[in-house]
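Novice: UniProt numbering puts the sequence shown at residues 1 to 679. Mind having a look at this structure? Questions to follow.
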Amino acid sequence: MKKDLTNVDIYAVVQELQGEVLNGILDKAFLLDSQGGKELILKVHVPEEGAKEIAIGIGTYKYITLTEYEREKPKNPPSFAMLLRKYLKNTRIVNVEQHNFDRIVKITFQWKESIYKLIVELFGEGNVILLDSEDRIILPLKMERWSSREILPKEIYRYPPQRDLTPFNLEHSYEIFKGKFEEDRYRDVECVRIISRIFGLAGVYAEEICHIAGVDKKTVNPSEEEIEKLYRGCIEFFKRMFQDRKPHIVLKDGDYIDVSPVELVKYRDYEKRYYERFINAVDDYFSRYITKKMVEEVESKLQKMIKKQERILKSQMETLKKYEEKALENQIKGDLIYANYNIVEEILKALREARERMDWADIKRVIKENRDNPLLSRICSIRENSGEVVLRLSAEYGDEVVEREIPLDIRKSAFENAEEYYSKSKKFRSKMEGVKKAIEISREKLERLRKEEMEQELMKELERKAPVKKKRKKRKWYEKFKWTVIEGYLVLAGKDATTNEILIKKYTDSKDIVFHTLMEGAPFTVIKMDRDIEELEEEKRERLLMETARFAASHSRAWKLGLGNTDVYWVRPEQISKTAESGEYLKKGAFMVRGKRNFIRGVPLGLGIGILEYEGEKKLTTAPPETVKNFEKYVMLKPAKRKKGELIKELKEIFKDYEVDDEDILRVLPPGESDIVRK
């Protein structure tokens, strides 16, 4: 069975984590003993989404994922967890990345100007290392030494020796790839092992590449033709990793034996359990072993809803308790000021008068020298930067004597300081009312769900079901891009740097027309032509060019920025080149455009979404206003600040007769946020 995530797995996990925890605020860190090692839990609060937990396995099982499983947290966290809390509490996660396609994840945290990095090494025995902004080690979970680097406090963190070939530079590195097979150390070595070592791949993925290439994995000293096949096999496999993930757990005799983000021929005849997201598959896979609990093979939708509602209610109860404590604490401080009103007023007045003729250093000296003074003895400290004095005040409060160290603004009177604390207490009590209402709603919802669950149990005995392969929609080749049909012609647009590259290199022919905006990072848009565009009658040609320009503009960053219009130009394919000017470098997805650009100025943004029948199938896609009016059913969109989840829910309801799901909608929406145009 798999015990460690591979670099391929980590790539998929990191991609999904970025969409889950970016901008999350770290609340707590826990370090737990687990099966054969340690498990680090980072509790993160993500705005508008609530609490999430990142689980990191070190030791026998090495992984990183989000987890939905409860762990028993220690009452007294170990020193490493406490140190993480000290440095990272209330910091914001600003980046999650995989280092150079290695088994290393870097999580970057920021608070104001301070930057911290948490390095997660998922090779060997694994390690977690906290760095400062200059990559100096603050503290590692485990101190280690190698000939090339040391993992010790105060040392500069250095990554392990890096590979010169990765999936991200492979397309332009055939000669380097070929050269690997010609090295003396790889003479008489099976090609599957060479592939594994070149990219640091697990054997199962190297075997998959050999299968794709049609080269026996045990081949030694391959011919140039076989090397080229292996090269193409690598490109195809990594393309699958980038674009065609099918997350699943592999089972044998009911036991989990592997978890993978892509389909593998090795497991063709095995039982599988499919997931929407790879992090959920990883969570189920490792939690079975880490928590010593048997994970149910199938969890009903109702059970998931109950579990989610219980988490929401628990979070709300914790928030209410926190607000109650803060409201009470501020109330007590205000009461203590009033209980000691004359003393507080006299101290504040004395400090204000002293400040007119003395600096803070002298005032502090006088206080220190007169500790026996009944008034001055109450002063704990002075915060000159904020103009505050901290007084130790006590009074009978109920059946006991309460004492607090209370910061007071020297510029204000005792009355004003007390009112400040009462005002804070009032604000927290006001917040409590809102939370109480939310708790009441959550309890009612949870009660309804539990009642529904009981009714289900009474109606039928729940049976344990074997994992069933998820029915996935078969996608056409053009659906890997943003697409539409204008004036009878297929129009394609890139989604990102990868699809931009694929669109221009693989799917653009000599008769096609290529559109682009002047915005950095804008997608290329291509009209798939069956003839030269000049052969079209003028009116149809102009409609085709203008509508395609609107499609290109609306799927660019202009939509995300909420612009009303932008400039678009079109060129012929022969004007586009991957060859940069001397001394320049073209990033992935970028191309040089040479020669005349045919500009269409001030192209208005506009887009609708609807059902289009194409090649005998009804599919959801977008189109410019004049084109979308010919769709079977459609609504118009506009740039707007609306949560994507809410928009998807409404669009699913509008197009429910066409079995449209979340993925169908997400694939075609323009960048940024949108809303439906209301009539």
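Just so you know, even glycine gets a beta-carbon here, dropped at the ideal spot from N, CA and C.
Per DSSP, what are the beta-bridge partners of Gln98 in this structure?
Specialist: Here the question's residue 98 lines up with position 98 in the sequence shown. DSSP, once it has assigned bridges, lists Val105 as partnering Gln98.
Novice: I'd like the list of long-range same chain contacts for Ile332, defined as Cβ closer than 8 Å, with 5 residues on each side in sequence excluded.
Specialist: As a position in the sequence shown, residue 332 is number 332, starting the count at 1. Excluding residues within five positions, the ones whose Cβ falls inside 8 Å are Tyr397, Val402 and Arg404.
Novice: Using the rule of at least 16 other Cβ atoms within 10 Å of the residue's Cβ for burial, across every protein chain shown, is Thr579 buried or exposed?
Specialist: The count along the sequence shown starts at 1 and reaches residue 579 at position 579. Exposed, by the Cβ-count rule.
Novice: Throw me the rounded Cβ distance for the Phe181 and Leu165 pair, which I believe falls under 8 Å.
Specialist: By 1-based counting over the sequence shown, the position of residue 181 is 181. By 1-based counting over the sequence shown, the position of residue 165 is 165. Not really, about 12 Å apart at Cβ, beyond 8 Å.
Novice: Rounded to the nearest angstrom, what separates Met317 and Asn500 at their Cα positions?
Specialist: Position 317 of the sequence shown, counted from the start, is the residue given in the question as residue 317. Position 500 of the sequence shown, counted from the start, is the residue given in the question as residue 500. Roughly 48 Å between the two C-alpha positions.
Novice: Can you tell me the Cα-Cα spacing of Met241 and Val262, whole angstroms?
Specialist: In the sequence shown, counting from the first residue as 1, residue 241 sits at position 241. In the sequence shown, counting from the first residue as 1, residue 262 sits at position 262. Taking the straight line joining both Cα atoms gives about 6 Å.
Novice: Between the C-alpha atoms of residue 722 and Gly521, what's the straight-line distance to the nearest angstrom?
Specialist: The question about residue 722 has no answer, for the chain in this structure spans 1 to 679.
Novice: In whole angstroms, what separates the C-alpha of Phe481 from that of Val668?
Specialist: In the sequence shown, the residue the question calls residue 481 occupies position 481. In the sequence shown, the residue the question calls residue 668 occupies position 668. Phe481 and Val668: Cα-Cα distance of roughly 8 Å.
Novice: Which whole runs of the beta strand (DSSP E) in the region 567-621 are 3 residues long or more, in chain order?
Specialist: List check, beta strand (DSSP E) in window: 598-604 and 607-614.
Novice: In the DSSP assignment, find the unbroken beta strand (DSSP E) run with Met636 in it and report its ends.
Specialist: One-based indexing of the sequence shown puts residue 636 at position 636. Note, Met636: beta strand (DSSP E), Lys633 to Pro639.
Novice: Is there a Cβ from chain C that is less than 7 Å from the Cβ of Phe524?
Specialist: Here chain C cannot be found, since the structure has a single protein chain.
Novice: Which partner residues of Gln110 appear in the DSSP bridge assignment?
Specialist: For this step, residue 110 is matched to residue 110 along the sequence shown. Partner(s): Arg92 and Ile115.
Novice: Do the region 108-118 and the region 145-154 meet, that is, are 3 or more Cβ pairs less than 8 Å apart?
Specialist: No contact exists between the region 108-118 and the region 145-154.
Novice: Buried or exposed: where does Leu647 fall if 16 or more other Cβ atoms within 10 Å of its Cβ makes it buried?
Specialist: The residue you call residue 647 lines up with position 647 of the sequence shown. Burial call: buried.
Novice: So the beta strand (DSSP E) Glu39 belongs to, where does it begin and stop?
Specialist: Start at 1 with the first residue of the sequence shown, and residue 39 comes out as number 39. Unbroken beta strand (DSSP E) run through Glu39: Gly37 to Val46.
Novice: Can you look up Glu33 in the DSSP assignment and give me helix, strand or coil?
Specialist: Taking the first residue of the sequence shown as position 1, residue 33 is located at position 33. First, the residue type needs correcting, since residue 33 is Asp and not Glu in the sequence shown. In this structure, Asp33 counts as strand in the three-state DSSP scheme.
Novice: Using DSSP bridges, identify the partner residues of Phe515.
Specialist: Sequence index remark: in the sequence shown, residue 515 carries index 515 (1-based). Answer is Thr525 and Trp570.
Novice: Out of curiosity, what's the CA-to-CA distance linking Phe238 and Ala327?
Specialist: The residue labelled residue 238 in the question sits at position 238 within the sequence shown. The residue labelled residue 327 in the question sits at position 327 within the sequence shown. The straight-line gap from Cα to Cα measures roughly 55 Å.
Novice: Could you check the C-alpha separation between Leu612 and Arg543 for me, to the nearest Å?
Specialist: Your numbering for residue 612 matches position 612 in the sequence shown. Your numbering for residue 543 matches position 543 in the sequence shown. Approximately 19 Å between the Cα atoms of the pair.
Novice: Is the region 195-205 in contact with the region 88-107, if contact means three or more CB pairs nearer than 8 Å?
Specialist: The region 195-205 vs the region 88-107: in contact.
Novice: Alpha carbon to alpha carbon, how far is Lys633 from Asp496?
Specialist: In the sequence shown, the residue the question calls residue 633 occupies position 633. In the sequence shown, the residue the question calls residue 496 occupies position 496. Their backbone Cα atoms lie some 28 Å apart in a straight line.
Novice: Kindly identify the DSSP beta-bridge partner or partners of Thr67.
Specialist: Mapped onto the sequence shown, residue 67 falls at position 67. DSSP, once it has assigned bridges, lists Glu53 as partnering Thr67.
Novice: Would you mind sorting Lys460 into buried or exposed? The rule is 16 or more other CB atoms within 10 Å of its CB.
Specialist: By 1-based counting over the sequence shown, the position of residue 460 is 460. Any reading at Lys460 is ruled out, since the residue's pLDDT is 43, under 50, leaving its predicted position unreliable.
Novice: Following the continuous beta strand (DSSP E) through Leu391, name the residue where it begins and the one where it ends.
Specialist: For this step, residue 391 is matched to residue 391 along the sequence shown. First-last of the beta strand (DSSP E) with Leu391: Glu388 to Tyr397.
Novice: Among Val215, Thr319, Ile306 and Asp184, whose alpha-carbon lies nearest the alpha-carbon of Gly434?
Specialist: Taking the sequence shown and counting its residues from 1, the one referred to as residue 434 is at position 434. Closest by alpha carbon: Thr319.
Novice: Can you tell me which of the three DSSP states Glu299 falls into?
Specialist: Taking the first residue of the sequence shown as position 1, residue 299 is located at position 299. The pLDDT assigned to Glu299 is 45, lower than 50, so where the model puts this residue is not dependable, and the model offers no usable value.
Novice: State the DSSP-derived secondary structure class of Pro140, mapped to helix, strand or coil.
Specialist: Taking the sequence shown and counting its residues from 1, the one referred to as residue 140 is at position 140. Reduced to three states, the DSSP call for Pro140 is strand.
Novice: Determine the contact status of Gly610 and Asn565, defining contact as a CB-CB distance below 7 Å.
Specialist: Counted from its first residue, the sequence shown places residue 610 at position 610. Counted from its first residue, the sequence shown places residue 565 at position 565. Cβ distance not < 7 Å, so Gly610 and Asn565 don't count as in contact.
Novice: Please classify Lys47: is it buried, with 16 or more other beta-carbons within 10 angstroms of its beta-carbon, or exposed?
Specialist: Looking up residue 47 in the sequence shown gives position 47. First, the residue type needs correcting, since residue 47 is Pro and not Lys in the sequence shown. When all chains shown are included, Pro47 counts as exposed.
Novice: From Ile25, Ala55 and Leu348, pick the residue whose C-alpha is nearest to that of Ser34; which is it?
Specialist: In the sequence shown, the residue the question calls residue 34 occupies position 34. When only C-alpha atoms are compared, the closest one is Ala55.
Novice: Hey, how far is the Cα of Pro140 from the Cα of Asp4?
Specialist: On the sequence shown, position 140 is the one that residue 140 refers to. On the sequence shown, position 4 is the one that residue 4 refers to. Roughly 20 Å separates the two Cα atoms.
Novice: When you compare the CB positions of Ala552 and Val568, do they come within less than 7 Å of one another, or not?
Specialist: In the sequence shown, the residue the question calls residue 552 occupies position 552. In the sequence shown, the residue the question calls residue 568 occupies position 568. Cβ atoms of Ala552 and Val568: closer than 7 Å.
Novice: In the DSSP assignment, what residue or residues form a beta bridge with Lys28?
Specialist: As a working note, residue 28 is residue 28 in the sequence shown. Answer is Lys43, bridged to Lys28.
Novice: Apart from the five residues just before and just after Met305, which ones in its own chain have a Cβ nearer than 7 Å to its Cβ?
Specialist: Looking up residue 305 in the sequence shown gives position 305. Taken in chain order, the residues that qualify are Leu449.
Novice: Measuring straight from C-alpha to C-alpha, what distance separates Glu416 and Arg429?
Specialist: On the sequence shown, residue 416 is found 416 positions in, with the first residue counted as 1. On the sequence shown, residue 429 is found 429 positions in, with the first residue counted as 1. The straight-line gap from Cα to Cα measures roughly 20 Å.
Novice: Taking all protein chains shown into account, decide if Met432 is buried (16 or more other Cβ within 10 angstroms of its Cβ) or exposed.
Specialist: Stepping through the sequence shown from its first residue, residue 432 is reached at position 432. Buried, by the Cβ-count rule.
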